[in-house]
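Encoded as structure tokens, the structure appears first; notes follow it.
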Amino acid sequence: MRPWGWLLVLVLLSAFLRFTLFPPISFSEGAYFFLAPLLLWNWQGHSRKAIFGWGWLAGFLFWVASIVWLRHVTLIGMIGLSGVLALFMGVWSLVFGRWLQPRWAGKDTFTGSWFVPLVGAAVWVLLEWTRSWIFWGFPWNPVSLSQWNRPAVLSIVSATGGWGLTFLLIWINLALVQWLRTPFTEWKSKGFLPVARKVPIVLVVPIGILMVSAGSYFWQSMKREPSEPVRVGFVQPYSTMKWDQSAVSRNIENLWQETRSLQGEDPEIILWPEASTPIPVIGEYSIRTGVEALASGMKAPILMGNMASYREKGIYENGVFLVEPDGGLVADYYVKRELVPFGEFVPFREIFPFLEKVVPIGLDCRPGERPVLFPFPSADGQDKVGPLVCYEDVFPSLARDTTQAGADWLFVATNNVWYGEEAGAYQHAAHAVVRAVENRRPVLRSGNAGWSGWIDEWGHIRKRVSDENGSIYFRGAETVSVNRDLRFDGVMTPYARFGDWIVALAAGILGAGLLSSWKRKRS
1 MRPWGWLLVL
11 VLLSAFLRFT
21 LFPPISFSEG
31 AYFFLAPLLL
41 WNWQGHSRKA
51 IFGWGWLAGF
61 LFWVASIVWL
71 RHVTLIGMIG
81 LSGVLALFMG
91 VWSLVFGRWL
101 QPRWAGKDTF
111 TGSWFVPLVG
121 AAVWVLLEWT
131 RSWIFWGFPW
141 NPVSLSQWNR
151 PAVLSIVSAT
161 GGWGLTFLLI
171 WINLALVQWL
181 RTPFTEWKSK
191 GFLPVARKVP
201 IVLVVPIGIL
211 MVSAGSYFWQ
221 SMKREPSEPV
231 RVGFVQPYST
241 MKWDQSAVSR
251 NIENLWQETR
261 SLQGEDPEII
271 LWPEASTPIP
281 VIGEYSIRTG
291 VEALASGMKA
301 PILMGNMASY
311 REKGIYENGV
321 FLVEPDGGLV
331 ADYYVKRELV
341 PFGEFVPFRE
351 IFPFLEKVVP
361 IGLDCRPGER
371 PVLFPFPSAD
381 GQDKVGPLVC
391 YEDVFPSLAR
401 DTTQAGADWL
411 FVATNNVWYG
421 EEAGAYQHAA
431 HAVVRAVENR
441 RPVLRSGNAG
451 WSGWIDEWGH
461 IRKRVSDENG
471 SIYFRGAETV
481 SVNRDLRFDG
491 VMTPYARFGD
501 WIVALAAGIL
511 GAGLLSSWKR
521 KRS
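For the sequence shown, the working numbering begins at 1 and goes up steadily by one.
Rendered as structure tokens:
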């Protein structure tokens, strides 16, 4: 095979390994070495163009495979977004191949042995963090998400946030590759143990940190102090063609019917997904009175994703509303803070008017500015639930802000019917697992088409609502008993209290690396 053929194999292998880290495959252990194939080639030294190009290709293939479900909304958008997101991988490959590796690799010094893994991990974290806010942000499938189904490893994010776990996993990747690239002749002449002792110290530290965290998890999770159970009714209407006028009556009827099916199960609160009714609850009086009558008949509050329309002011809001069985619609409601570009608003509408024709959105949604808490059933009547809408739970800062505001529970209302019955819902729900552990708050999820259920503070999926065939994609409803760990009552985790301190640490490590490089040049 020609050299470029082997390179293509390495690129495909790295892209495939990274793809397997997340749902639907979730090969979590691959997170410790998924970069190895590409880095072993990168270590040989190549042109800037080649390093960036092949790195970008590895990123592009990964993203196309990961968000292929987005084609149900827009095929061109899915490919274009994959191309943009791949730039981050291209940049990281370039930083590693043209700056870190030539200056430090293979040197028997503190700088050579430690700074390649540390600075390389720091740059990756800073790029992932940048991806979470630049161009409205898309922090989907960060490396830390690979451990969503490994609660012992994931436990560390309560202190470091997901960025900290990403840092450790990339550190291990780099240290492992640095060790593996030791020439065969050196292994042969010096023996296995003398060579093996040179770099594994760099591996021992991050692995040791994860082991200490895992030990703490096994010790602490067994001491869980559950609260009194609360009966929560999850309603999954599977409403399709939400804005098709011919389907409005049918969707409302299905929602009412599934909600009433819970009557014999005596739920204490009922959860509806995002934009649960095809007509806004604020702006259409008949919908409001209908929901209020339903809540009164069920003798239970309904916490629902819905819309507010103020036509006379030209204001449209996507949010979460509470309807009490006695008091009706509560005046204060939550407004979604992170809007979907080209889905809920058209960016640069005034500058580029032609975009209105490409993306036919009549009115932009108005973003919210603050978290809002609602009462949640509990033995002492003091519990509060903080809502998030749609993909807001992929943004760590929003769940953290809601926790700081005093939430005992987090509630995610989402409409995932647009993405088909593929991996999209599973990937989305995996982010909620990380948010639960970061803040030590249980997460309740209500999906229109699938993945409704709840996750406890330790990242355990305690219940995922499914049909008789085990599928999460169905129309139905179920009442589930939920509880929370009373040891975290009012307690802020280190991450909830201090936020993205790992990002600041990564910036400091990168700064130290730049300073060291500058001093080398001067000398």
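Just so it is clear, CB atoms sit at the ideal spot from N, CA and C, and this is done for glycine as well. Fair warning: this is a prediction, and the values are worked out from it, not measured in the lab.
Put residue i into one of helix, strand or coil per three-state DSSP.
i	result
M78	helix
E128	helix
V340	coil
E324	strand
S261	coil
G53	helix
K463	strand
R475	coil
M222	coil
W92	helix
L427	Looking at the sequence shown, residue 427 is not Leu but Gln. Helix at Q427.
I279	coil
R366	coil
G447	strand
F138	coil
D485	strand
A506	helix
P527	The displayed coordinates of the chain run from 1 to 523. Any statement about residue 527 would go beyond what the structure contains.
W148	coil
K384	strand
I67	coil
R231	strand
F395	coil
G406	coil
M492	coil
Which residues in the same chain have their Cβ closer than 7 angstroms to the Cβ of residue i, if we skip the five residues on either side of it in sequence?
i	result
S309	P280, I282, G283, Y316
S443	Reading off the sequence, residue 443 comes out as Val, not Ser. Correct list, in chain order: L410, V412, A432, R435, A436, W454, I455.
V119	L100, I509, L510, G513
R48	L94, R98
R311	G283
F62	A15, R18, F19
Is residue i close to the ligand ADP? I mean its beta-carbon at under 8 angstroms from any heavy atom of the ligand.
i	result
A308	The ligand ADP is absent from the structure shown, which contains no ligands of any kind.
Please determine, among the options, the residue with the shortest C-alpha to C-alpha distance to residue i.
i	options	result
Y391	A152, R497, P341	P341
E268	L303, T240, P237	L303
I461	E350, A293, V482	V482
W454	L75, R475, E468, A413	A413
R260	F234, T20, V153	F234
G368	W56, A50, G30, D332	D332
G82	W56, L8, V323	This sequence places Ser at residue 82; Gly is not what is there. Ranking W56, L8, V323 by Cα distance to S82 puts W56 first.
V385	D393, T403, V177	T403
P278	K299, N448, H72, D401	N448
D380	A293, T289, T479, L486	L486
V389	V480, Y419, E274	E274
L505	V491, E422, F34, V123	V123
A295	F321, I287, D326	D326
D489	D383, G450, R464	D383
L174	Y285, F34, W148	F34
G286	W272, S249, P301, Q257	A small correction: the amino acid at residue 286 is Ser; Gly does not occupy that position in the sequence shown. Cα-wise, what sits closest to S286 is S249.
W451	L322, N416, R484, E258	N416
F348	L85, F135, L13, L87	F135
P139	D393, Y473, D467	D393
M298	V232, Y334, G137	V232
L586	R224, T160, W179	The requested residue 586 does not occur in the structure, where the chain is confined to residues 1 to 523.
P142	G208, Q257, S66, V116	S66
I252	W272, L262, L322	W272
E324	P301, K190, M307	P301
Take residue i and list the residues in its own chain whose beta-carbon comes closer than 6 angstroms to its own, dropping the five residues that flank it on each side.
i	result
R497	none
W43	Q101, R181
G420	W69, H72
Y238	A449, R475
R484	S227, P442
Quick test of your reading: residue i and residue j, contact by CB under 8 angstroms. State the CB separation rounded to the nearest angstrom.
i	j	result
L165	S144	4 angstroms
L75	W41	About 31 angstroms separates the two Cβ atoms, so there is no contact after all.
L176	A36	7 angstroms
W69	G424	4 angstroms
Y217	S146	The Cβ separation is near 17 angstroms, so there is no contact.
F167	I502	6 angstroms
E265	T130	Going by Cβ atoms, the distance from E265 to T130 rounds to 46 angstroms, so no, they are not a contact pair.
R370	G499	R370 to G499, Cβ: 17 angstroms. No contact.
Considering only residues of the same chain and omitting the five flanking positions on each side of residue i, which have a CB-CB separation below 8 angstroms?
i	result
S378	S227, E228, V230, D408
C365	Y316, E317, N318, K336, L339, E344, F345
P24	E422, A423, Y426
R150	S28
request  = Pick out the complete alpha helix (DSSP H) segments inside the segment 22-48, 4 residues or longer, and give them in chain order.
outcome  = 36-42
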